[in-house]
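Asker: One structure, pasted below without further comment.
Residue numbers (our numbering): 23 to 539.
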């Protein structure tokens, strides 16, 4: 029987179309039924039209249904994929702009820090609703594959409170693995172990990475029998582009001894050291790409991508649909996991699952990102053991912030939400407690329509803000500060000057271009 895959948040052009094409590359899955659902009928219609054209042009037996009725989409599903952005770009804007007034400069703002913590408050209630539908109408044992950030907090809530086996999927490990491979390739050519015409694929380099999502560490890197962990700092410092674009990651590598999976911009906002002083932020980032540290960079490219797609959509329909081939398959884990479970072919990747003794020196129960194997018998996740002490210390702080964020989101606990903000590394490095309390109230009020669990508390938050204004006790804000490294969102006219680039951004599942085969 054909399998059914429900995709929630399917109005996301990049992820939906890319994942569908990846799945249809597998010969045994060409008759899959895709049930696409989204709260935006307009976005859903555009994406489903493209997906149906792709299937028809490739003469595949797969089927696509599109519905705004989520339960209908999930009913009878073998797998459910989630790629929502709860609150959309409107809420995302406040995740970046309100913290800026308090001196908190974020590049992405979707994992921890102020933006990530509030993103969890919006997303977790929605995901728990998805879990309820999966329990009630999906096939028994249906697997929930979550791509939605904040990855760790969302996946934690679904496993702890949703009653559904949920696996979090991210492409950070693949992207960093590709960077390490590039460094080793340069070293091997320099030392006569490869010719100038030879190249390395990331699959040629054996790695083990473990930690938390976006804070995972390469504990083993081997090629040709050589241990490259002691050599990585030198190789990255000598690399012509990484030495410029990855200054935070290289500095952490210098001080910790291990390379982090996450991009320069992302990593800089999870730590207390690199974005806390306005005058120093530029020292640590690069403006060659938004992902290297641009203030609000991810928000900007997402806005530009969405605006371009909605405007350029008629032209997409005029293009020939792309061929769906194994050669064009992306590095995203989702299709490989489904293939392994359905066919028995073994797949090895790095997945986000609850820590049940897998990493022994960070909190039990938190969501860890570790190597695992998938086959017809399910996911098999080996024990990693201890992380190096500095890596474990950094991850443990983040895990405790995530834990408070999850509990606050599930129970609508304002005090716990503020305590999560208080203990976040970058927020704590920039703000004092009263600033954090006021900022959280402001974000609650601004995002109230996406926070049903805080309905009882938001009037009090609004009153506190009014009373502070009347008494003159509001903390001093940086109302005019736009960040240390912010770029203006380009207009459609400006984007049209490079239509190929605009279209590539609009269609990209990975807007940081961090993945590779």
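Glycine is no exception: its CB is placed at the ideal position from the N, C-alpha and C atoms.
Could you tell me the alpha carbon to alpha carbon distance between residue 342 and residue 72, rounded to whole angstroms?
Answerer: When rounded, the distance between both Cα atoms is 11 angstroms.
Asker: Relative to the C-alpha of residue 295, which residue among 449, 124, 115, 132 is closest?
Answerer: Comparing Cα positions, the closest option is 449.
Asker: Tell me the DSSP secondary structure of residue 42 in three-state form.
Answerer: Residue state, collapsed to three classes: helix.
Asker: Secondary structure at residue 385, three-state DSSP: helix, strand or coil?
Answerer: Note: residue 385 maps to coil in three-state DSSP.
Asker: Just to confirm, are residue 366 and residue 322 a CB contact at a threshold of 8 angstroms?
Answerer: No, the Cβ-Cβ distance between residue 366 and residue 322 is not below 8 angstroms.
Asker: Is residue 102 helix, strand or coil by DSSP?
Answerer: Three-state DSSP puts residue 102 in a strand.
Asker: Which whole-angstrom value describes the C-beta separation of residue 490 and residue 469, a residue pair presumed to lie in contact below a C-beta threshold of 8 angstroms?
Answerer: With a Cβ gap of about 19 angstroms, residue 490 and residue 469 do not count as contacting.
Asker: For the beta strand (DSSP E) containing residue 85, list its first residue and its last residue.
Answerer: Here the beta strand (DSSP E) through residue 85 covers 85-89.
Asker: For residue 278, write down the residues that DSSP places opposite it in a beta bridge.
Answerer: Residue 278 is not bridged to any residue.
Asker: List the DSSP bridge partners of residue 168.
Answerer: Bridge partners of residue 168: 104, 190.
Asker: Classify residue 401 as helix, strand or coil using the three-state DSSP reduction.
Answerer: Strand.
Asker: With 16 as the cutoff for other CB atoms within 10 Å, does residue 171 come out buried or exposed?
Answerer: Flag for residue 171 reads buried.
Asker: Using the Cβ count rule (16 or more neighbours within 10 Å means buried), how would you classify residue 393?
Answerer: The residue is buried, with at least 16 neighbouring Cβ atoms inside 10 Å.
Asker: I'd like to check one pair, residue 346 with residue 80: are the Cβ atoms closer than 8 angstroms?
Answerer: Taking 8 angstroms as the Cβ cut-off, residue 80 and residue 346 qualify as a contacting pair.
Asker: What residue range is occupied by the uninterrupted beta strand (DSSP E) comprising residue 374?
Answerer: Residues 369-376.
Asker: Considering only C-alpha positions, which residue in the set 221, 61, 114 is nearest to residue 92?
Answerer: When each option's Cα is compared against that of residue 92, the closest is 61.
Asker: Can you give me the start and stop residues for the beta strand (DSSP E) that residue 29 sits inside?
Answerer: Counting along the chain, the beta strand (DSSP E) containing residue 29 begins and ends at 26-30.
Asker: Measuring CB to CB, does residue 259 end up less than 8 angstroms from residue 250?
Answerer: For residue 259 and residue 250, no; Cβs fall outside 8 angstroms.
Asker: Would you mind sorting residue 433 into buried or exposed? The rule is 16 or more other CB atoms within 10 Å of its CB.
Answerer: By the neighbour-count rule (16 or more Cβ atoms within 10 Å), residue 433 is not buried but exposed.
Asker: Let me know the alpha helix (DSSP H) ranges lying completely inside the segment 209-292, each 4 residues or longer, listed in chain order.
Answerer: Taking only runs of at least 4 residues, the alpha helix (DSSP H) segments lying wholly in the segment 209-292 are 254-260, 264-267, 269-278, 286-290.
Asker: Looking at residue 452 and residue 608, is the spacing between their C-beta atoms short of 8 angstroms?
Answerer: As displayed, the chain neither begins before 23 nor continues past 539, which places residue 608 out of reach and without an answer.
Asker: Is residue 530 helix, strand or coil when you go by DSSP?
Answerer: Here residue 530 sits in coil by DSSP.
Asker: Give me, in chain order, the residues of the same chain whose beta-carbon lies closer than 7 angstroms to that of residue 421; leave out the 5 immediate sequence neighbours on both sides.
Answerer: The residues are 234, 384, 385, 388.
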